[in-house]
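Residue numbers (this note's numbering): 2 to 179. Heads up, the beta-carbon is just placed ideally off N, CA and C, and yes, glycines get one too. First up is the structure itself, then whatever we jot down about it.
Next up, the structure:
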């Protein structure tokens, strides 16, 4: 190797970590693909839940903060509702797709993960814990969700979103029965 390349290669070697993005966005499944998978006979038109009054306060209690928008879109058909929801892990949002059927979680997928750590929540060994979960009194899940070492904030975020989807599904079912 020529001596003239040595300083250049040294500089490149020392600076390569700064050339890479920190964290980054990983799309495991698009929201559209999730909806098509859950509604194979055709994705229904979206509807919205407006966050006001009691709904807004309950959502705030579940998340521990106000939801960042005034409404949440959802899709429903044949007693099933699908929710594409975001919650901050440590610094950035985690996007999940959650399907609820008769007040129980039928599917939960991490669709987009943007954090540098905690990505393990996307795996089935974690998401399968939510299968058939429902809400108890106080808007808590009816089961314990095991933590993942090093992914505590991501686990908390996904668990909050599961609780939120179940609560909102319950609210739209109660609202349509009135």
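Classify residue 71: buried if its beta carbon has 16 or more other beta carbons within 10 angstroms, exposed otherwise. A residue is called buried once 16 or more other Cβ atoms fall within 10 Å of its Cβ, and residue 71, having fewer, is exposed.
Taking the CB atoms as reference points, tell me whether residue 49 and residue 169 lie closer together than 7 angstroms. Against a cut-off of 7 angstroms, the Cβ pair of residue 169 and residue 49 comes out as no contact.
What are the start and end residues of the beta strand (DSSP E) that includes residue 81? Start and end: 81-89.
Just the Cα atoms here: how many angstroms apart are residue 33 and residue 86? Their Cα atoms are separated by approximately 13 angstroms.
Given residue 151, which residues of its chain have a CB within under 8 angstroms of its CB, disregarding the five upstream and five downstream residues? Within the same chain, 118, 119 and 121 come within 8 angstroms of residue 151 by CB-CB distance, once the 5 residues on both sides are set aside.
Which residue marks the beginning of the beta strand (DSSP E) containing residue 69, and which one marks its end? Counting along the chain, residue 69 falls outside any beta strand (DSSP E), and DSSP gives it neither H nor E.
Should residue 98 go down as buried or exposed, given a rule of 16 or more other Cβ atoms within 10 Å for buried? Per the 10 Å Cβ criterion, buried.
Kindly indicate which three-state DSSP category residue 40 falls into: helix, strand or coil? If DSSP states are grouped into helix, strand and coil, residue 40 belongs with coil.
Pick from 35, 173 and 29: whose alpha carbon is nearest that of residue 107? Taking residue 107 as reference, the option from 35, 173 and 29 with the minimal CA-CA separation is 35.
Apart from the five residues just before and just after residue 141, which ones in its own chain have a Cβ nearer than 8 angstroms to its Cβ? Excluding residues within five positions, the ones whose Cβ falls inside 8 angstroms are 164.
Cut-off 6 angstroms between Cβ atoms - residues of its own chain near residue 158, not counting five sequence neighbours on either side: Excluding the 5 residues flanking it on each side, residue 158 has same chain C-beta neighbours closer than 6 angstroms at 88, 90 and 95, in chain order.
Residues in the same chain with beta-carbon distance under 7 angstroms from residue 127, minus the five sequence neighbours each way, listed in chain order, please. For residue 127, where only same-chain residues beyond five positions count, the Cβ hits under 7 angstroms are 121 and 149.
Inter-residue spacing [alpha-carbon to alpha-carbon] between residue 175 and residue 104: Straight-line measurement puts the Cα of residue 104 at about 11 angstroms from the Cα of residue 175.
How far does the alpha helix (DSSP H) with residue 57 in it reach, from first residue to last? Taken as a continuous stretch (DSSP letters only), the alpha helix (DSSP H) holding residue 57 covers 54-64.
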